[in-house]
Amino acid sequence: NFLQIYWSAYGLDEVMKVVKKELFGTAVENLNNKNVQNILLSAAQDMPMKRTLHVDICITVNDLVVVVHHFDQNTFKSLLDEMYQIKQMMTINFQEIIYDTLYEMQVPTDMGLQGVFSTKMPHLMSLRFNNIRTEVKKPSVNLKFDIDTRIWRHGEYAMSVYNPMVDVWHSVRRATVQDIALPVHMSVGYNPEAKSLKITMPRLPVNKLSITGIRSYVKNLVTIIQDEQDILKTCCATCHHHTVVTTGEKKNHHVTVDSKDVGLKYSMSIFDCENKMTPVTNNQEWHRVLGTEHKNTW
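Per full-length UniProt numbering: the sequence shown = residues 1 to 298.
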């Protein structure tokens, strides 16, 4: 596992008293009702003996120990101070690349040439977490933080055949693109006296964290790859090493909606579309989507 946290704690009632006092400036009040006290005393007879405050924390990354801490009733308050200082300056930038699918098979063709079937689907996730800014205006506590989450998934399915005459590969490819942007600019306020929780996600002024969206794009292509000697240009000066397989006139459609109630702008674009999906769908189009015939882009 990438990250593991091991912890052991005794005297959690004392921990909660310290946390409530340090964070919210309030103390846990003692019960004065005799009936409730008698019930608690009766229940306490079967309870294990109360232990003093004792907290052990161990954090490992890739099975390597990176943090070990021990706290007792005298040092636990320093833990809150250390966590507060770390939180104020902490910035996380996490990126991970994995392959949803990575497959390649080499086969001989009926012409005796080498053929390759491949599927490559890399998946990139990026997470930026800026420092949490805390504002304490008793009795309220306000937290402000920014999270920028983005996902890219660009891959392809390909069938390639080697051309020994000119030392290049001819390929038929289906390229796919999925991009997701989910940024969050948020502030959270909590008032323990009023027992109220307020969450604010402003969209103005417009910045990088104000735009959320999803993009999906698919195309079929024919390509010539590994043309290190630029043989294609000697045969056809105007040709390109990749050409999109098209079935007709491309359609582009854009819709924008401005919401005066919440002050947000919503937009949707359909581009390079080669079917009747724009500007509206119909029964025939849904049959086409669910059918088994060839579909280039939708």
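Ideal Cβ positions, reconstructed from N, Cα and C, are used throughout, including at glycine.
None of these values were measured; they are calculated from a predicted model.
Inset, instruction - Following the continuous beta strand (DSSP E) through ILE231, name the residue where it begins and the one where it ends. - result: For ILE231, there is no enclosing beta strand (DSSP E); the enclosing alpha helix (DSSP H) has its first and last residue at 231 to 235.
Checklist entry - Between the beta-carbon of VAL59 and the beta-carbon of ILE5, is there less than 8 Å? => result The identity of residue 59 in the sequence shown is Ile, whereas the question assumes Val. When the beta-carbon positions are compared, ILE59 and ILE5 come within less than 8 Å of each other.
Option in MET165, ALA175 and GLY112 with minimal Cα separation from TYR217: For the residues MET165, ALA175 and GLY112, the minimum Cα distance to TYR217 belongs to ALA175.
With distances taken from CA atoms, which of THR52, GLY112, LEU3 and TYR103 is nearest ASP63?
-> Restricting attention to THR52, GLY112, LEU3 and TYR103, the CA atom closest to the CA of ASP63 is found in LEU3.
Under 8 Å between the Cβ atoms of ILE199 and VAL184? Cβ distance not < 8 Å, so ILE199 and VAL184 don't count as in contact.
*Between ARG173 and THR246, what straight-line distance do the alpha-carbon atoms span, to the nearest angstrom?*
Between ARG173 and THR246, the C-alpha separation is close to 13 Å.
Expressed to the nearest angstrom, what Euclidean distance is found between the alpha-carbon atoms of PRO108 and ASN163? Cα-Cα distance, rounded: 13 Å.
If you follow the beta strand (DSSP E) that PHE145 is in, where does it begin and where does it stop? Counting along the chain, the beta strand (DSSP E) containing PHE145 begins and ends at 140 to 163.
Just to confirm the assignment, what range does the beta strand (DSSP E) spanning ASP227 have? Note, ASP227: premise wrong, no beta strand (DSSP E); not H, not E.
*Tell me whether ASN32 sits in a helix, a strand or coil according to DSSP, three-state version.*
Under the three-state reduction of DSSP, ASN32 is assigned to coil, being neither helix nor strand.
What three-state label does DSSP hand ALA43 in the structure shown? DSSP, reduced to helix, strand and coil, places ALA43 within a helical segment of the structure shown.
From what residue to what residue does the beta strand (DSSP E) around ASP179 run?
-> Note, ASP179: beta strand (DSSP E), 168 to 191.
Between ASP100 and MET125, is the Cβ-Cβ spacing less than 8 Å? In terms of Cβ geometry, ASP100 and MET125 do not form a close pair [threshold 8 Å].
> Any idea what DSSP makes of GLN95, helix, strand or coil?
Replying inline: Taken through DSSP and simplified to helix, strand or coil, GLN95 comes out as strand.
- For VAL66, collect the residues of the same chain with a Cβ closer than 6 Å to its Cβ; drop the 5 residues on either side in sequence, then sort them by chain order. ILE59, listed in sequence order.
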